[in-house]
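In the working numbering, the protein residues as written are 178 to 450. Worksheet: the structure to be examined is printed underneath.
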C-alpha cells in the first residue's frame, strides 16, 4: 500500500480526483481519508505505478504546482515583486515551455520537464511507502525545480530584451513624430530585400537614403538602428508608408509598423505598379 499525506485538503482532493480519473478499476483501490491522506492499494505495483501513480503525480505537479514554483523562484531568487512583471515573465516562460520559442539556443536540447519528473518519481516511489507530499516537494524535486529555474532565467532575459525593444521603438516613434516630413509618401517593396520609392514611385538609392539620415540622432541612440532602411525612414518621417510584401510578419516590416503605426499600409507584391 502507498500512503501519501497532504497538508492541504485542496491538494489532497485535487490529486485524488486525478488518480480517480485515470484509474483502472482492476488495478488499484483508492481511498481519501479526512481530506489529507490518500491510500493506493495496487493489485499490480508495476502497472499501477506506470499507469496511475506516476502519470497522476506528473499531471498534478504540472497543472497545479508549477505556476506556484515558478512564481516563488521569481519572487524569492530574482526579487520580482510587481505583479504585472511577474505575469509578463511567467507568460514568456510558459510560451518557452510550450515550445513557442524554439529559436532560443539555451533551451534547445533540454530534457522535457515531465521526463525529469518521471525519472524522479520512478526512483523514489516504492511499494509500502508512506510519505508526505510536502517532504517529497522539498527534498526530491531539486532537479525539476532546477529545470524550471532555467526556464525562468531565460524568460527574464527575454523580458528584459522586450522591454529594451519597446523602449527603442518608443524613442523612434517619438522622434519621427517630432520631425517635419521630408517626403509625403514612401513605398517599400519587399522581396529578398527592401527597395524604397518616393512619392512619384522613383527609386531611392542607398546614397539618397543615407543623405536623409540624422547622424546625430543615430549616434546618440543606445540601441543599434538599421542604417539602410530604418534610420532613413525615421529621419524622413513620411506621412504615409506603403509596404508591398508577401511576408507581412517579416521582422523589419513589423518594426516599421510598430514605429509608424497607422501611417503604414500593407499590400501584396502583386499590387505594386
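Glycine is no exception: its CB is placed at the ideal position from the N, C-alpha and C atoms. On a predicted model such as this, the values are computed, not experimentally measured, just so you know.
For residue i, the residue or residues it bridges with in DSSP
i           : result
residue 417 : 362
residue 441 : 418
residue 381 : 373
Segment limits, alpha helix (DSSP H) that includes residue i
i           : result
residue 483 : Residue 483 lies beyond the stretch modelled for the chain, which goes from 178 to 450, so this question has no answer here.
residue 449 : That residue, residue 449, is in no alpha helix (DSSP H); it is neither H nor E in DSSP.
residue 242 : Unbroken run through residue 242: none, as it is neither H nor E.
residue 224 : 222 to 225
residue 197 : 186 to 199
residue 232 : 231 to 237
Buried or exposed by the 16-neighbour rule on C-beta atoms within 10 Å, applied to residue i
i           : result
residue 196 : buried
residue 364 : buried
residue 447 : exposed
residue 272 : exposed
residue 283 : exposed
residue 393 : exposed
residue 279 : exposed
residue 450 : exposed
residue 331 : buried
residue 244 : exposed
residue 233 : buried
Helix, strand or coil at residue i [DSSP, three-state]
i           : result
residue 309 : strand
residue 436 : helix
residue 390 : coil
residue 127 : The displayed coordinates of the chain run from 178 to 450. Any statement about residue 127 would go beyond what the structure contains.
residue 180 : strand
residue 302 : coil
residue 324 : helix
For residue i, the first and last residue of its enclosing beta strand (DSSP E)
i           : result
residue 210 : 205 to 210
residue 217 : 214 to 219
residue 372 : 371 to 374
Margin query: I want to know whether the stretch 327 to 343 touches the stretch 259 to 272 - three or more CB-CB distances under 8 Å.
Written below: Result yes; three or more Cβ-Cβ pairs closer than 8 Å.
Note to self: Is it the case that the stretch 297 to 313 contacts the stretch 373 to 383, given that we only count it when at least three CB pairs across the two stretches are under 8 Å?
What the structure shows: Contact fails: fewer than three Cβ-Cβ distances are below 8 Å.
Checklist line | Three or more C-beta pairs below 8 Å linking the stretch 215 to 222 and the stretch 178 to 188 | finding: Taking 8 Å as the limit for Cβ pairs, the verdict is that the stretch 178 to 188 does touch the stretch 215 to 222.
Notebook entry, point to check: Do three or more CB pairs link the stretch 296 to 303 to the stretch 316 to 328 at distances below 8 Å?
Noted result: With the rule of 3 Cβ pairs closer than 8 Å, the stretch 296 to 303 counts as touching the stretch 316 to 328.
Note to self: So, does the stretch 343 to 360 touch the stretch 300 to 307, judging by three or more C-beta pairs under 8 Å?
What the structure shows: Flag = no, the stretch 343 to 360 and the stretch 300 to 307 do not touch.
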